[in-house]
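Q: Start counting at 1 in the sequence shown, then tack on 22, and there's your number in my numbering. Where a beta carbon is used, it is the ideal one built from N, C-alpha and C, also for glycine. Every value quoted in this text rests on a predicted model; they were computed, and no experiment measured them. Pasting in a structure now, in structure tokens, and then I'll have a few things to ask.
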Amino acid sequence: MEEITWELFDRQVEACRLCPLCRNIRHKVPGQGDPRSPLMLIGEGPGQVEDEEGLAFVGPAGQLLTKMLEAIRLPRDRVYICNIVKCRPPNNRVPTPEEAEACRIHLRMQTWLVRPKVIVLLGSTAAKSILDPEIRITRERGKWTVRKGVWIMPTYHPSALLRDPAKKAEAWEDMKSLRSRLMSLGLYQDLYSGGR
Ligand code: URA
């Protein structure tokens, strides 16, 4: 079997035809950031700007995400950011569970390569796909789970915060909880100062 590398990952995503989403896109959006970061953020799927640029979280939601990370003094280029699906769903609709399932092979490979210690799930689609299809983000956000030694926390999607700024107070609590978790795992100082 071929060794799992970033090069193989890129090739597989580019060649992927496992679901219909790739039929109407400009670019695949595999994800980007520090490929060995201890912190991985997973969103839902690319939006219009992401589709145009081939990069995750670079539109309005991405700009808010950058600010949220900066609020706990994490430089965005020190974390790894990706999505449940790598192709933009038409009109930004929520990806179906089948599309998320088809794309899981890529997310698995990505997680294997990054080997994060902490994962933040941005929004209900990521939380449902990774943790529990029945999850209610309003109830479960901010709660930590450990899976195979990895700490996982769902929080609101930045788009939800743009739509409803009243949720920002809870999102801030979640960011502080993330900072505490990184501190207690001895990872914060490194991320913050750019060391390794
Ligand atoms: N929303 C997402 O879930 N992901 C992106 O990359 C952009 C917006």
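Drop a sphere of 10 angstroms on the beta-carbon of S151, count the other beta-carbons inside from all chains shown, and report buried for 16 or more, exposed for fewer.
A: S151 should be labelled buried.
Q: Where DSSP assigns a beta bridge to V168, which residues make up the other side?
A: In DSSP, V168 forms a bridge with W173.
Q: Is there at least one non-hydrogen atom of the ligand URA closer than 8 Å to the beta-carbon of Q79?
A: At residue 79 the sequence reads Phe, which differs from the Gln that was named. Yes - the ligand URA has a heavy atom lying nearer than 8 Å to the Cβ of F79.
Q: Within its chain, find whatever has a CB closer than 8 Å to the CB of I94; leave out the 5 residues flanking it on each side and keep chain order.
A: Result list for I94: M197, K198, L200, R201, in chain order.
Q: Counting only runs that start and end within the stretch 45 to 110, where is the alpha helix (DSSP H) found for 4 or more residues in a row?
A: 70 to 75, 82 to 93, all fully within the stretch 45 to 110.
Q: Can you give me the C-alpha to C-alpha distance between D5 and D56, rounded to a whole angstrom?
A: Here the chain covers residues 23 to 218 and nothing more, so residue 5 does not appear.
Q: Taking 8 Å as the cut-off, is the C-beta of V51 nearer than that to any heavy atom in the ligand URA?
A: Flag set: Cβ of V51 near the ligand URA.
Q: Looking at the secondary structure, which residues open and close the beta strand (DSSP E) in which V140 lies?
A: From DSSP, the beta strand (DSSP E) with V140 extends over 140 to 144.
Q: Just to confirm the assignment, what range does the alpha helix (DSSP H) spanning T160 have?
A: First-last of the alpha helix (DSSP H) with T160: 159 to 162.
Q: Label R100 either buried or exposed according to how many other C-beta atoms from any shown protein chain fall within 10 Å of its C-beta, with 16 as the threshold for buried.
A: Burial call: buried.
Q: Assess, as a yes-or-no matter, whether the stretch 160 to 167 is touched by the stretch 123 to 132 under the definition of 3 or more beta carbon pairs within less than 8 Å.
A: The answer is no - the stretch 160 to 167 does not touch the stretch 123 to 132, with fewer than three Cβ pairs under 8 Å.
Q: Give the range of the alpha helix (DSSP H) segment to which K190 is assigned.
A: Per DSSP, K190 belongs to the alpha helix (DSSP H) from 190 to 206.
Q: How many Å lie between G164 and E24 at the Cα?
A: Each residue's Cα considered, the two are about 38 Å apart.
Q: Quick one: Cα of E29 to Cα of W166, how far?
A: So the alpha carbons of these two residues sit roughly 32 Å apart.
Q: When the Cα atoms are used, what is the spatial distance from I26 to E192?
A: Approximately 38 Å between the Cα atoms of the pair.
Q: Is any heavy atom in the ligand URA found nearer than 8 Å to the beta carbon of S181?
A: Yes - the ligand URA has a heavy atom lying nearer than 8 Å to the Cβ of S181.
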